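Colleague: Protein chains in written order, with the working numbering: chain F, 15 to 539; chain D, 2 to 341.
C-beta atoms are modelled at their ideal positions from N, C-alpha and C, and glycine is treated no differently.
Nothing here was measured: the structure is a model prediction, and the numbers come from that model.
#1: Closer than 8 Å is the cut-off here; do at least three beta carbon pairs connect the stretch 60-75 of chain F with the stretch 431-445 of chain F?
#2: So that I know if they touch, is there some Cβ in chain F lying closer than 8 Å to that of residue 85 of chain D?
#3: Consider the Cβ of residue 239 of chain D: report whether some Cβ of chain F lies at a distance smaller than 8 Å.
#4: Count the other CB atoms, across all protein chains shown, that sit within 10 Å of the CB of residue 114 of chain F; report buried if there are 16 or more and exposed otherwise.
#5: Is there a Cβ of chain D sitting closer than 8 Å to that of residue 140 of chain F, yes or no?
#6: 8 Å is my cut-off, CB to CB: does residue 25 of chain D come that close to chain F?
#7: Could you spell out the range, first to last residue, of the beta strand (DSSP E) harbouring residue 82 of chain D?
#8: Please name the residues in the stretch 113-137 of chain D whose beta-carbon is closer than 8 Å to at least one beta-carbon of chain F, in chain order.
#9: What does residue 31 of chain D pair with, by DSSP beta-bridge criteria?
#10: Determine which residues of the stretch 390-418 of chain F have a Cβ less than 9 Å from any Cβ of chain D, and write them out in chain order.
#11: Please return the same chain residues whose Cβ sits closer than 8 Å to the Cβ of residue 44 of chain F, not counting the five positions on each side in sequence.
#12: Span of the alpha helix (DSSP H) holding residue 253 of chain D?
#13: Where does the unbroken alpha helix (DSSP H) through residue 490 of chain F begin, and where does it stop?
#14: Please classify residue 119 of chain D as buried or exposed, where buried requires at least 16 neighbouring CB atoms within 10 angstroms.
#15: Less than 6 Å between C-beta atoms, sequence neighbours within five positions excluded: which residues of the same chain meet that for residue 89 of chain F?
#16: Does the stretch 220-239 of chain F come close enough to the stretch 77-93 of chain F that 3 or more CB-CB pairs lie under 8 Å?
#17: Counting C-beta neighbours from all protein chains within 10 Å, is the total for residue 194 of chain F 16 or more, i.e. buried, or is it exposed?
#18: Does residue 496 of chain F come within less than 8 Å of chain A when only Cβ atoms are used?
#19: Note down, in chain order, every chain D residue with its Cβ under 7 Å from the Cβ of residue 512 of chain F.
#20: Count the other C-beta atoms from every protein chain shown that fall within 10 angstroms of the C-beta of residue 23 of chain F, then say buried if there are 16 or more, exposed otherwise.
#21: Report the three-state DSSP secondary structure of residue 27 of chain F (helix, strand or coil).
#22: So what's residue 216 of chain D in DSSP terms, helix, strand or just coil?
#23: Threshold first: 4 residues or longer. Then list the alpha helix (DSSP H) segments lying entirely within the stretch 50-86 of chain F, N to C.
#24: To the nearest angstrom, how far is it from the Cα of residue 333 of chain D to the Cα of residue 184 of chain D?
#25: Quick check on the burial criterion: 16 or more other C-beta atoms within 10 angstroms. Buried or exposed for residue 304 of chain F?
#26: Do residue 443 of chain F and residue 389 of chain F count as a contact pair if the criterion is CB distance below 8 Å?
#27: What three-state label does DSSP hand residue 200 of chain D in the structure shown?
#28: Just how far apart, CA to CA, sit residue 231 of chain D and residue 331 of chain D?
#29: Are residue 163 of chain F and residue 187 of chain F closer than 8 Å when you measure CB to CB?
#30: Output yes if chain F places a C-beta closer than 8 Å to the C-beta of residue 325 of chain D; else output no.
#31: Decide if residue 176 of chain F is buried, meaning its Cβ has at least 16 other Cβ atoms within 10 Å, or exposed.
#32: Three-state secondary structure (DSSP) at residue 131 of chain D?
#33: Taking its Cβ as the centre, do 16 or more other Cβ atoms sit within 10 Å of residue 107 of chain D, making it buried, or is it exposed?
#34: Using a Cβ-Cβ cut-off of 7 Å (strictly less than) and excluding sequence neighbours within five positions of residue 354 of chain F, which residues of its own chain qualify?
#35: Roughly how many angstroms lie between the CA atoms of residue 481 of chain F and residue 112 of chain D, to the nearest whole one?
#36: Residue range of the alpha helix (DSSP H) that residue 110 of chain F falls in?
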């Protein structure tokens with residue numbers, strides 16, 4: 015019997031089993047990431063036919079229409095703007111193209127809920143432009159307003175991925191097409207665009223998933239989607255309805271991911287080596303300055319306007335004494351919760367990734383996928399799952415800082431895993447084998463050989479987690495213990511009351527800290 | 002860059018260690034459904050006078066459900082409520098603790114529970130705040146039922162049904178009108194309102210700036226808007242004052258003592274503290290509310306409670322129907338419909 019068990023064990027790991035400690039640690043991390051989400055699902059399905067029917071009759075149709083409508087419009091707009099910007103910046107003789115390359119990525123660091131607040135300050139009914147003739151024709155508190163704000167702060171997903179793709183794309187196909195007599199427009203539409211398809215798909219998926227999960231911007235703009243509905247149901251402790259709505263939202267997200275991979279299959283393009291020689295810039299001719307104005311306006315609405323507004327109100331706030339002792343207390347809360355979350359995720363990312371890359375098997379693959387659960391899903395769903403788990407099984411930790419920090423780890427650990435995976439991929443297993451053949455036990459190989467090489471990746475991942483946790487709003491609002499408001503929560507509370515001078519300094523700090531890891535983010539694409 | 006980040010994490014660990022080690026004894030945990038700007042000056046003054054650290058969680062009336070959810074794992078000591086109905090509901094659920102403080106006993110029995118577990122601190126009356134540049138007093142609706150009239154479509158603001166003041170108000174209307182008529186009112190008002198927001202501050206500012214003609218608020222929001230530097234051309238209608246009118250609804254904001262509170266003696270200290278004349282003056286002049294401790298002055302624009310007709314609903318009676326009323330509100334779809 016023991017022989018068959020060990021034989022089975024060997025077969026499971028394809029003859030390359032990991033140490034028991036590594037296997038256990040990864041198992042615990044993978045399951046811990048997955049359980050909260052699983053719990054929501056089970057609770058939702060157990061919700062009972064009556065509750066499902068009641069929600070189906072009243073709320074679900076309108077929420078579906080709103081969530082999907084918003085995701086569709088924002089994605090389409092984001093793709094159009096992102097692709098156009100990427101093409102102009104990478105391929106043409108646009109003035110100042112070097113600077114634009116990174117300036118257009120800057121909106122990434124502005125959380126959409128902060129962006130939404132600045133737009134309310136400018137375009138809102140009591141905003142700076144409110145005395146302008148015709149100002150009443152456009153309401154920021156509308157579908158159009160929400161779509162505009164979300165597009166402004168999410169187009170960089172498509173922009174970044176497409177410009178990276180354009181840079182790598184060989185020019186020979188375009189030249190061939192041109193030689194065959196295609197006009198420049200036809201080349202762009204019939205050669206470049208199809209080759210960009212995978213990049214556009216990946217970027218569009220990110221935008222759509224983001225729109226489905228956004229809570230802050232949408233609720234500040236008084237709109238309602240699945241995410242805000244779940245938040246309000248949770249707020250009134252109707253966990254059953256919140257779970258049911260969550261199940262539907264999770265299914266929508268998974269369907270999107272599945273659709274994207276499905277349509278990508280059979281649409282592969284290979285770039286032949288050697289054809290990468292830089293072609294000449296495409297002259298824009300008469301369109302040069304209109305294009306410049308387009309790019310400049312994009313930068314203005316997505317970066318200059320928000321930062322200008324925040325700068326103005328921060329100044330007003332600081333003059334009025336916004337940076338008091340309380341403020342530093344909130345900053346401390348933010349730094350400590352985000353700091354601990356990033357340390358934990360740096361610790362837990364390596365074992366899961368190491369297991370996946372060095373001991374590939376169905377187990378390590380599943381654990382890796384399970385750890386991604388919290389990342390693909392909206393923060394409100396993760397928060398709901400944690401409330402279930404903690405109040406039922408860990409009541410002594412309920413309402414403590416630990417619950418908040420764990421929610422950050424569940425949501426953002428995969429960011430750290432991606433960074434670790436990228437750097438661990440660069441370490442050949444041969445080097446580790448050499449270490450072991452020289453007599454080092456596996457754990458020493460890990461500490462002496464692997465760790466020093468992947469450390470930059472781990473740290474970069476930790477920085478991503480830190481920044482994401484700093485910006486996090488929905489789970490923080492739902493899980494923060496009494497007296498532990500973070501900067502993000504303060505921005506939310508103060509802006510909700512219209513105290514922009516108190517909200518702006520906190521918002522500005524969040525943005526400034528978020529700029530730090532942007533360098534890595536840009537080099538990633 | 003690497004160094005910067007490493008230092009950064011080192012600091013973060015240090016800070017986390019510090020905050021993790023904080024001592025627990027001299028604490029008070031306050032769940033507050035009230036606007037933070039009304040509560041914070043009081044908790045800060047309490048901290049300064051007693052040295053007890055107050056941990057404040059600002060939320061909304063949903064905290065009532067949170068308190069119920071945490072029944073076996075009590076986190077809060079005090080619940081600061083906008084609405085006496087919610088506090089009485091908690092008492093009926095067995096979630097509150099009796100309080101024999103003489104300061105509580107000094108309050109009119111109308112505005113406290115018999116066992117002293119909750120006590121009203123300030124009165125608020127539901128009024129219609131209106132922009133005097135956009136609509137004259139004569140043209141304003143004079144009763145709440147008039148809000149269902151299609152002629153007001155898109156012109157006024159109300160809060161979500163989840164708002165505590167709103168729940169109690171609907172409960173009072175239900176006593177006067179019964180289920181069917183109340184549901185009709187909720188459904189029609191929901192359809193008619195220009196926008197449905199989560200708080201009253203939004204309403205007073207938007208009406209003050211002329212975004213909407215009028216809105217349903219607690220009277221001190223009208224007093225607060227009058228005191229603004231700009232956008233202060235506002236008036237207030239005390240509704241249903243006609244000969245056969247039902248009168249305006251008066252509620253009390255107050256505090257409740259949670260059963261099994263981790264810091265029970267601090268909580269009692271806090272209740273006594275709030276009932277001192279100094280703090281009551283803070284309610285009257287910072288928040289521009291009407292204090293319930295006898296003999297405390299109010300701002301001049303606040304109407305005295307004997308100057309207008311008041312609905313005859315007893316606040317205690319709202320507690321018993323609180324959950325039913327919330328169900329009614331949800332059925333009418335007013336609980337979280339933020340957008341039109």
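Modeller: Looking at the coordinates:
#1: no
#2: no
#3: no
#4: buried
#5: yes
#6: Confidence at residue 25 of chain D is low in this model, with a pLDDT of 49, below 50, so its placement is unreliable and the value that follows should be read with caution. It does not; no Cβ of chain F falls within 8 Å.
#7: 79-82
#8: none
#9: D:57, D:79
#10: 401, 405, 409, 410, 412, 413, 415
#11: 366, 380, 381, 382, 384, 385
#12: From DSSP, residue 253 of chain D is part of no alpha helix (DSSP H) but of the beta strand (DSSP E) over 251-258.
#13: 488-493
#14: buried
#15: 218, 221, 222
#16: yes
#17: exposed
#18: No chain A is present in this structure, whose protein chains are F and D.
#19: 202, 206
#20: exposed
#21: coil
#22: strand
#23: 63-72
#24: 6 Å
#25: exposed
#26: no
#27: coil
#28: 37 Å
#29: no
#30: no
#31: buried
#32: strand
#33: exposed
#34: 419
#35: 48 Å
#36: Unbroken run through residue 110 of chain F: none, as it is neither H nor E.
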